[in-house]
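Just so we're aligned, residue 88 is where the sequence shown starts under the numbering used here, counting upward by one.
Worksheet: one structure, shown below.
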Amino acid sequence: MAHIILASSSPRRRELLQQLGLNFDIHSPDIDESVLDQESVEQYVERLACTKAEAVFQQYPDSIVIAADTTIAVDYHILGKPESKQHAFEMWQLMSGRKHNVFTGVCVHTKQEKLSIVVCTEVEFQTLSLNDMESYWDTGEPIGKAGGYAIQGIAARYISQILGSYTNVVGLPLHETAQLLQTVKALN
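Below you can see the structure in the form of structure tokens.
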């Protein structure tokens, strides 16, 4: 099998991919993550995953490149990563006491094939008080996280329910990623 490269600097994606028992290297591309006009959440995460995969594949064309992008949406409005404490509080107020969706686009790129998929998981937050938000912000955990939270961390205390893939919410849906890799292996 060809050498595998994870096109991500996310420690969570690295840990998740290790759960599949794979040996891989990491090369994180620098791409523009701006949302395009009229782009749906699904189109956005799939485009970014494929753009990341393509950028790394151009450098390592004999490899299998795995890339992903995760974002959160409330009523199909993309929330992204918090730019400030105020921005994080605004996002949490939108999610407080209701459901939101976590979307991850995954792309696997080889010489023969470029396959991608989008996975959606529904997450329900409890109603968050101002004290909850202040306490959570003070942990430092929200920084750099889509939607300003990490389900695998302290934020788990605020999540009352999920419907779908837990690993998708962490940042890499393992079942679907394994399926894409299996398909690629069959084609090579």
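C-beta atoms are modelled at their ideal positions from N, C-alpha and C, and glycine is treated no differently.
Look at residue i and residue j and say whether their C-beta atoms are less than 8 Å apart.
{"i": "S115", "j": "S96", "result": "yes"}
{"i": "T191", "j": "A154", "result": "no"}
{"i": "V193", "j": "A136", "result": "yes"}
{"i": "A142", "j": "I118", "result": "yes"}
{"i": "Y253", "j": "Q213", "result": "no"}
{"i": "V195", "j": "R99", "result": "no"}
Could you tell me the alpha carbon to alpha carbon distance between residue i and residue j, rounded to whole angstroms?
{"i": "K272", "j": "A140", "result": "17 Å"}
{"i": "S216", "j": "Q269", "result": "45 Å"}
{"i": "I113", "j": "I92", "result": "6 Å"}
{"i": "E126", "j": "A94", "result": "23 Å"}
{"i": "N218", "j": "M178", "result": "15 Å"}
{"i": "S171", "j": "G234", "result": "12 Å"}
{"i": "S183", "j": "A175", "result": "12 Å"}
{"i": "E129", "j": "T226", "result": "30 Å"}
{"i": "T138", "j": "R185", "result": "32 Å"}
If you count every other CB in all the chains shown that lies within 10 Å of the CB of residue i, and 16 or more means buried, which is it?
{"i": "P148", "result": "exposed"}
{"i": "E133", "result": "buried"}
{"i": "L166", "result": "buried"}
{"i": "S150", "result": "buried"}
Using 8 Å for Cβ pairs, my map puts residue i next to residue j. What's the rounded Cβ distance?
{"i": "L123", "j": "A265", "result": "Between A265 and L123 the Cβ distance is about 30 Å, and since that is not below 8 Å, they are no contact."}
Are three or more beta carbon pairs between the stretch 192 to 207 and the stretch 228 to 243 nearer than 8 Å? No: fewer than three Cβ pairs fall under 8 Å.
Check whether the stretch 221 to 230 touches the stretch 146 to 164, counting contact only when three or more Cβ pairs, one atom from each stretch, lie closer than 8 Å. no
Does the structure place the stretch 206 to 213 close enough to the stretch 245 to 263 that three or more beta carbon pairs sit under 8 Å? yes
Could you say if the stretch 251 to 266 and the stretch 97 to 112 meet the contact criterion of at least three C-beta pairs nearer than 8 Å? yes
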